[in-house]
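In our numbering, the protein residues as written are 26 to 264.
No residue lacks a Cβ here, since even glycine has one placed at the ideal position from N, Cα and C.
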């Protein structure tokens, strides 16, 4: 975990927020404390750094990206060079998502998602969000297709497996899910705009909350709980 460094760029949208990444310059408050980015990479030079939703970072942070991608180092506020030469840097962005949605509404999503028009829409939005100096230093720009229903079911299965393992570790209870449960949950997550983001909340709303009531009602007598679907509703059966 220490070698995986995620920077939520929405937290660095203000003009002077870049100082929180590299540290304050000499003479300013917190000068000796360093910054989140340089401290963590300095301690873990062989790492993966993810700048999540990078378009939300203030443009003042772009100079940090230029140093990192061009020179392989970032200078801290204290003037110390931190090496990124052994780091893998990944930037995620939602730039172009709105344009892609507009395009899909006009043409139909199934036709657009593999077309050159979709790539062009994303590329144009990315070029508007970032300077050519930064784009020219990025090795590869990967554009992901929207998640299909099959993809969502796989993600749902992974999250249900996590829940099953957690309940077993905490309570010694085995959860069993019928095949219809995944379909039910994914159906409530069918909006292409949000991908798999709502799934965890949907599972919490339909499964976890009701499951908690089952556990509170029978704290010591339950060994197996089967989760199924009946008349379009989630059901719980004690086995």
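Secondary structure of residue i, DSSP reduced to three states
| i | result |
| --- | --- |
| residue 31 | strand |
| residue 202 | strand |
| residue 166 | coil |
| residue 196 | helix |
| residue 154 | helix |
| residue 222 | coil |
| residue 181 | helix |
| residue 172 | coil |
| residue 213 | coil |
| residue 136 | Because the pLDDT at residue 136 is just 47, under 50, the model does not fix this residue reliably, and the value given afterwards should be weighed accordingly. If DSSP states are grouped into helix, strand and coil, residue 136 belongs with the helices. |
| residue 248 | coil |
| residue 243 | coil |
| residue 161 | coil |
| residue 37 | helix |
| residue 121 | coil |
Integer Cβ distance of residue i from residue j, believed to fall under 8 Å
| i | j | result |
| --- | --- | --- |
| residue 171 | residue 220 | 7 Å |
| residue 93 | residue 63 | Contact flag wrong, Cβ pair sits at about 11 Å. |
| residue 30 | residue 91 | 19 Å between Cβ atoms; not a contact. |
| residue 105 | residue 43 | With 8 Å as the limit, residue 105 and residue 43 do not qualify as a contact, their Cβ atoms being about 16 Å apart. |
6 Å CB neighbourhood of residue i in its chain, flanking five on each side removed
| i | result |
| --- | --- |
| residue 50 | 102 |
| residue 82 | 34, 37 |
| residue 162 | 94, 95 |
| residue 205 | 254 |
| residue 147 | 121, 168 |
| residue 110 | 97 |
Residues that DSSP places opposite residue i in a beta bridge
| i | result |
| --- | --- |
| residue 116 | 76 |
| residue 260 | 253 |
| residue 100 | 106 |
Cutoff 7 Å; reference residue i; Cβ partners in own chain excluding five residues on either side
| i | result |
| --- | --- |
| residue 27 | 69 |
| residue 107 | 63, 66, 67, 98, 99, 101 |
| residue 87 | 156, 159 |
Cβ shell of residue i (< 8 Å), same chain only, five flanking positions each side left out
| i | result |
| --- | --- |
| residue 78 | 33, 34, 35, 117, 118, 119 |
| residue 260 | 252, 253, 254 |
| residue 198 | 192, 240, 247, 248, 249, 250 |
| residue 12 | Past the boundaries of the shown model lies residue 12; the chain is included only from 26 to 264, so the question cannot be answered. |
Any chain B beta carbon closer than 7 Å to residue i
| i | result |
| --- | --- |
| residue 175 | No chain B is present in this structure, which holds just one protein chain. |
Cβ-heavy atom distance, residue i to the ligand ADP, below 6 Å
| i | result |
| --- | --- |
| residue 105 | No copy of the ligand ADP appears in this structure; indeed no ligand is present at all. |
Secondary structure, alpha helix (DSSP H): runs of 4+ residues fully inside the region 39-86: 43-47, 61-68
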